[in-house]
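Colleague: Position one of the sequence shown corresponds to residue 1032 (my numbering), numbered consecutively onward. Please see the structure below; I have some questions.
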Amino acid sequence: MRLTIFISTILVATLLLGFRHLTNPVTITGHLKKNPKDSSAFVDRVLVFVKGDNKILAKVLTDEKGDFELTFTPKKEKSFDFFCTGLGIDTLLIASVTTFESDTPEMTFYIPGQVKRNAFGKVLCPICKRTDMVYKIQYGDAPIMTRHISKTGDTTYSPIYKGTYQESCIVGLAKFFCDRDKAKF
Ligand SMILES: [Zn+2]
């Protein structure tokens, strides 16, 4: 009898937890801070948004201190990618996570985001966690476009030239670009 109660308690708990995991909204108390290595960015009145499977799940403007609250209901997204955009800020990837530690996590983001490197010093993309399609962004007056002509004669232009991503004259905060995720960070 006691064993039956014990087992059913576990079953109920598992069901409840599983259910909770799928349906509960997540409310993030977020703080957007300047990256000490590049403090040129503004953190107030910046649009922060989170994407999952390439859909915008929620967006919000930061207050004058760079604080914000973001609520959305995760489903089975592969990852949750945080971006921001604002005055003088191109759409910038600031973080990517696969899970949240609770339903009400407190998270600090840096703008521009903190760059992680692998053991060989290569920059890791925050989304795919790989280095092979990450390019350093080169800012210059005349961006060099590389022309690709396919077998069928179609011409396409790519901003990737000699292993760097060529950006136009406005100097942005993004330092790197992942061609797999089409994200600047
Ligand atoms: Zn990537």
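Backbone N, C-alpha and C define an ideal beta-carbon position, used for all residues, glycine too. What you are looking at is a predicted structure, and each value in this text was computed from that prediction instead of being measured.
(1) Compare the C-alpha of leucine 1092 against each of Pro1067, Thr1060, Ser1070 and name the closest.
(2) Nearest-angstrom Cα distance between serine 1181 and serine 1189?
(3) With respect to 7 Å, is the separation between the Cβ of cysteine 1115 and the closest non-hydrogen atom of ligand 1 below this value?
(4) With distance defined between alpha-carbon atoms, name the residue in Arg1211, Leu1078, Leu1088 nearest to aspartate 1094.
(5) For aspartate 1112, verify whether its CB is less than 7 Å away from any heavy atom of ligand 1.
(6) Using DSSP's beta-bridge definition, name the partner residues of glutamine 1169.
(7) Using the beta-carbon of each residue, find all residues closer than 5 Å to any heavy atom of ligand 1 and list them in chain order.
(8) What whole-angstrom Cβ distance do isoleucine 1125 and alanine 1072 have, given they're in contact under 8 Å?
(9) Which stretch, first to last residue, makes up the beta strand (DSSP E) that contains glycine 1083?
(10) Determine the burial state of proline 1056: buried for a count of at least 16 other Cβ atoms within 10 Å of its Cβ, exposed for fewer.
(11) Would you check if the distance between the CB atom of aspartate 1098 and the CB atom of isoleucine 1158 is smaller than 8 Å?
(12) Hey, how far is the Cα of proline 1105 from the Cα of asparagine 1149?
(13) Excluding the 5 residues flanking threonine 1195 on each side, which residues of the same chain have their C-beta closer than 8 Å to its C-beta?
(14) What residue range does the beta strand (DSSP E) around glutamate 1132 cover?
(15) With DSSP collapsed to three states, give me the class of serine 1110.
(16) Run the CB neighbour count on lysine 1215, radius 10 Å, all protein chains shown included, and call it buried at 16 or more, exposed below.
Modeller: Taking the structure as given:
(1) With distances taken between Cα atoms, leucine 1092 lies closest to Thr1060.
(2) 13 Å
(3) No - ligand 1 has no heavy atom lying nearer than 7 Å to the Cβ of cysteine 1115.
(4) Leu1078
(5) no
(6) Gln1197
(7) Cys1156, Ile1158, Cys1159, Cys1209, Arg1211, Asp1212
(8) Their Cβ separation, rounded to whole angstroms, is 10 Å, which puts isoleucine 1125 and alanine 1072 out of contact at 8 Å.
(9) 1078-1083
(10) exposed
(11) Their beta carbons are not under 8 Å apart, which means aspartate 1098 does not touch isoleucine 1158 by this criterion.
(12) Approximately 29 Å, taken between the alpha carbons.
(13) The residues are Tyr1166, Lys1167, Ile1168, Gln1169.
(14) Counting along the chain, glutamate 1132 falls outside any beta strand (DSSP E), and DSSP gives it neither H nor E.
(15) DSSP places serine 1110 in coil when its eight states are reduced to three.
(16) buried
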